[in-house]
Amino acid sequence: MSKTMKKFWMDSDDSRWHSKHKGDFSTSDRLADHFVGKLRDVCRDEQSEVAIMIRFTRILKESLDSYESQSNLLLKLADTGRVVTLLHRYVDNALDTLDFLDPSEREEWHSQLLVEREERLQVFKEFALDNDQLVAALGDKNQQLEIVTLLRYCVEKYHDGITPFAGKNEKYRDKLTTGELDTISLVYDVAVQKAGLVSSDLPDWFVTSEHEWAWVSKAKLEDCKLGWDVKAREKDADDNVSDEVRGELNHPHLRKFYGASYVGKPFVIHESCFPPTFEKDVWRYMGNCALGLQYVHDRGLVYHDVSPTTLRCSYSERRGVLDGLGLVPRSRVGRFHVIGNKDNKDQTEDQESAESYDVLRFGIAVFFILLNGRNSNLPGETRDKKFDTWKHKTTSRLPDVQPGFITDEEWEMLQGLCAENPADRTKLEDVSFKMKLLDGDGSQRDVDKSHIVADISNYVIQSFNGTISELLDELAEDHEEEFTPEDRSVFNRLQDVYSHMERAGELYGVLVEDFSLLAWDFFKKFDENMSNSSVSMQIASQSVAGQNYHYHHQIDHLVHDSPQLQGMDTVHHWQPTLLKNPSTFLQHTSRPEDIAMLRFEAQTRAGAYAADIVDSMNTVLREAQRRGIGGSGMIPKWFIPSYQVKLEENIGSGGFALVNLGKWFGTDVVVKRLKPMAVDENRRNQFRREADLWFALNHSNLIKLYGACYEGPQPFFVCERATRQTLTDYLQPEKGIEHLHDHNIVHGDLKNDNILVCEGGAAKIADFGLSVLGTTPKSIGVLTTQAVRWKAPECLEGNLPTFASDIYAFGMCIIEAVTGDFPWGRNLADQAVTRLVKTEKKIPDRPAVFKDKEWNLVERMCRWDPQKRIGIGSVIKMLEDIGVSNLIEAGGNVGPTTVTAKTPN
5 MSKTMKKFWM DSDDSRWHSK HKGDFSTSDR LADHFVGKLR DVCRDEQSEV
55 AIMIRFTRIL KESLDSYESQ SNLLLKLADT GRVVTLLHRY VDNALDTLDF
105 LDPSEREEWH SQLLVEREER LQVFKEFALD NDQLVAALGD KNQQLEIVTL
155 LRYCVEKYHD GITPFAGKNE KYRDKLTTGE LDTISLVYDV AVQKAGLVSS
205 DLPDWFVTSE HEWAWVSKAK LEDCKLGWDV KAREKDADDN VSDEVRGELN
255 HPHLRKFYGA SYVGKPFVIH ESCFPPTFEK DVWRYMGNCA LGLQYVHDRG
305 LVYHDVSPTT LRCSYSERRG VLDGLGLVPR SRVGRFHVIG NKDNKDQTED
355 QESAESYDVL RFGIAVFFIL LNGRNSNLPG ETRDKKFDTW KHKTTSRLPD
405 VQPGFITDEE WEMLQGLCAE NPADRTKLED VSFKMKLLDG DGSQRDVDKS
455 HIVADISNYV IQSFNGTISE LLDELAEDHE EEFTPEDRSV FNRLQDVYSH
505 MERAGELYGV LVEDFSLLAW DFFKKFDENM SNSSVSMQIA SQSVAGQNYH
555 YHHQIDHLVH DSPQLQGMDT VHHWQPTLLK NPSTFLQHTS RPEDIAMLRF
605 EAQTRAGAYA ADIVDSMNTV LREAQRRGIG GSGMIPKWFI PSYQVKLEEN
655 IGSGGFALVN LGKWFGTDVV VKRLKPMAVD ENRRNQFRRE ADLWFALNHS
705 NLIKLYGACY EGPQPFFVCE RATRQTLTDY LQPEKGIEHL HDHNIVHGDL
755 KNDNILVCEG GAAKIADFGL SVLGTTPKSI GVLTTQAVRW KAPECLEGNL
805 PTFASDIYAF GMCIIEAVTG DFPWGRNLAD QAVTRLVKTE KKIPDRPAVF
855 KDKEWNLVER MCRWDPQKRI GIGSVIKMLE DIGVSNLIEA GGNVGPTTVT
905 AKTPN
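All residue numbers for the sequence shown refer to the working numbering, where the first residue is 5 and numbers rise by one.
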């Protein structure tokens, strides 16, 4: 046996995995005995791919450990779907890696596995008829619920299979067979009869394993916070899990949730995170978390308690995130807070809002993060020992004296968050901005304090030739009749800000100038001499729907940027005016986008309104449905109304969409709007299907969709923001492609421009969200002429993209990543590239920088015949092997697959 084999593959003599066995080694279960025997033979024969196959076999064995070690036959049967899917996928991966292309040989490996699948069923049938064994296996009520739930999950998830192959009627090899379905149904019926219970409908987020994702953590229920434990279950008697687990929440600064299980030993699967104690970025992380808390409150939710462990940082993306566990609807929570010094006999107990209490606990949590990061680990002689006994759970106020490890600016921030009187606490809208300033990454520009305006009422707007007050008066007198409800909302806010500035006395000149420009821009909208100007049109384009929401965003920005304006009440609490009196909604508008916005508020944000307002909304929606007005029906959970999204810099334009940077709840996002000419009813419906598809995908190497809006002249997606950087880690985007293919989704437009790198270094696949929009007959010709250098030959001939064409395209991406240049270079015309690929069946010449293993992989990915290209699973295994080889050559340890790529020209 080779040294490599000894290092990676050791097991007991009586195990089928042990290398001493030759050929098939039969086990009582039978499943995959033939396949394991084939793998042993390959590894023993010291073929060229032996190192890959040994690692391959070790990983397969680890993936099957939970199944093989399971002694309860009922739970083993319930794992059938996962195991047979895994095995058929690994058979394909092994055949691809070994380059076995003969169809009959490939089919023989799969056929033998199908035979074993049928043979093993006899054990379970006999077991189900043995009453004593069955009763023992069913166990107590908890185990009974686990068994019937997992049996049901197995049938629902795997009855049609999930891995496609080129076979008759597009069936799936890993589809549960008739025998398997009959056996599972038999056992399920007997178990239900014996236990006297049935499994309820399974939620979309129910999972049994974390192996589908990367960068995830599996946390046991007892390791999680409130929202899962007994106290939370008492509060939410009709729900076993928090709102985050229902999958309704989706925000850049909420910890990504992938799934959970509430049976057996309950667990939750979410993205891997670490405590945000790294001093360099702690305030950036805290500011991110404040944005997440603002979003949670907007959705009508609050926390049982915000603790230091609620505030996390994403490993893969290096941004602050809130742990979503422990959330409950605001309507179910009552808070009482003692106002006044604890030693003061005149203290009063007063009810405060649950949101305000969250802000207090958020501030206390931030204090403890600073305490633990800066003080707790200091040597005894320098540590402030009075905090040694402080516990977050029992602390409801800051220390009376500013600790030495907190700066003056930080202390001011914490005092604002933790003010004794809830009315005095800093609003979340201000918190994130102030934390950015503490981080040194704030957007507040240096204010010229030498230029002071003593009295704003005397300030003259030169373009208007009058004061700000005169401009506002003229708007009210001459144009008020032209105001839409949204115009009125903007005008009222401008008046509010101006009144506040009048009372403030001396103001920085730059603040007065910025406000006067904003008021002037709004005025120009109504001045008939300027309303059609390019400036006015440019301003109107700053909102997704071309409405007045951009003025609100500019007022928000002005207030956030100006310490002299912070603390205002009315300026922050704006919303579309029509929502303030829903009963008159249909008197003002019947546009589908406005009706959909009302539906969003009633369906998604009901907790943010009084009950009578929600009732009024629902009455209007019923009337809209009676009239047949679009947008009045139930909306998907990914719907985002246009007023929540602000457009910023344009960063690109494709065949079907315009791409802008943007803000959503103060968070950086990317907004992709369909071009108006691309929108008709069919496209709108197709857009909805695409959003459903994209939103359901949840993987750390895919660009995340936060939401979308399908109504209005320009339907748009809101997705996470990433930057284009040099790709140096092959495995990350491959994992994203694997996730797409596992969900039967073809990307169809892979190129390096669609592989982005986030701040934390995670590589993400982008633009699969518009792939379906490009597969209509009318658009195929357009796509065929685009990105020719990455297109597979069959796609250049006009065929629809497939999994195999994705593999070809990614092979071209690897060429670009390694060389820093386009496949085929930049000087060769597209027509010449098309001829070389389609007619001469060539790929680019091997660049000198490629090693043998690397180029062999590219060649196998880019074979002319799509049936002979390797699959994504084999690509990943070979990339892992390349990474191991490179690191061994460099004298390093086994780790991720990375290369040194040239900087693009």
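Just so you know, even glycine gets a beta-carbon here, dropped at the ideal spot from N, CA and C.
Note that the structure is a prediction, hence the values are computed from the model and not measured.
Judged by DSSP in its simplified three-state form, residue 289 adopts helix. The beta-carbon distance between residue 457 and residue 516, rounded to whole angstroms, is 5 Å. This is short enough to meet the 8 Å contact definition.
If you compare the alpha carbons of 868, 423 and 725 with that of residue 356, the shortest gap goes to 423. The C-beta distance from residue 719 to residue 693 rounds to 12 Å, too long to fall under 8 Å, and the pair is not in contact.
In the three-state reduction of the DSSP assignment, residue 318 falls in the strand class. According to the DSSP assignment, residue 662 belongs to the beta strand (DSSP E) that extends over 661-668.
The C-beta separation of residue 371 from residue 402 comes to about 6 Å, placing the pair in contact by the 8 Å criterion.
Residue 262: member of the beta strand (DSSP E) spanning 261-265, first to last residue. Per DSSP, reduced to three states, the secondary structure at residue 677 is strand.
Residue environment analysis places residue 793 among the buried positions, since at least 16 neighbouring C-beta atoms fall within 10 angstroms of its C-beta. Between residue 322 and residue 738, the CB-CB gap reaches or exceeds 8 Å. Listed in chain order, the alpha helix (DSSP H) runs fully inside the stretch 354-416 are 358-378, counting runs of at least 4 residues. For residue 496, the secondary structure class from DSSP, reduced to helix, strand or coil, is helix.
Separation of the CB atoms of residue 633 and residue 586 is rounded to 14 Å, and the pair is thereby denied contact status at 8 Å. Between the stretch 393-412 and the stretch 315-333, the count of Cβ pairs shorter than 8 Å is below three; the stretches do not touch. Assignment of residue 754 by DSSP, reduced to helix, strand and coil, places it in the coil class.
The beta-carbon separation of residue 88 and residue 121, rounded to 6 Å, stays under the 8 Å limit for a contact. Here residue 114 has 92, 95 and 177 as same chain residues with Cβ atoms under 7 Å from its own Cβ, once five neighbours each way along the sequence are excluded.
Looking only at 615, 474, 444 and 503, the smallest Cα-Cα distance to residue 527 is reached by 474. Ranked by Cα distance from residue 756, the options 716, 827 and 725 are led by 827. Beta bridge pairing from DSSP links residue 713 with 720. The alpha-carbon of residue 150 is positioned some 15 Å away from that of residue 188. Scanning its chain for C-beta atoms nearer than 6 Å, with the 5 sequence neighbours on each side dropped, one finds around residue 310 the residues 362, 365, 366 and 369, in chain order.
Closest in alpha carbon position to residue 811, among 605, 742 and 667, is 742. Put simply, the backbone Cα of residue 887 is about 19 Å away from that of residue 851. Under the three-state reduction of DSSP output, residue 703 falls in the coil class, being neither helix nor strand.
Shown here, residue 271 sits in a strand according to DSSP, grouped into three states. In the three-state DSSP reduction, residue 851 falls in the coil class, being neither helix nor strand. Residue 767 is positioned such that its CB atom lies closer than 8 Å to that of residue 705. Per the coordinates, the alpha-carbon of residue 462 lies some 27 Å from the alpha-carbon of residue 487. Taking C-beta separations shorter than 8 Å and ignoring five residues to either side along the sequence, the partners of residue 142 in its chain run 78, 148, 151, 195, 198 and 199, following chain order. Around the C-beta of residue 97, 16 or more other C-beta atoms lie within 10 Å, and the residue is accordingly described as buried. Partner residues in the beta bridge of residue 457, as assigned by DSSP, are 511. With contacts defined as CB atoms closer than 8 Å, residue 639 and residue 600 qualify as a contacting pair. One alpha carbon belongs to residue 815, the other to residue 219, and they sit about 24 Å apart. By the 16-neighbour rule on beta-carbons within 10 angstroms, residue 614 is exposed.
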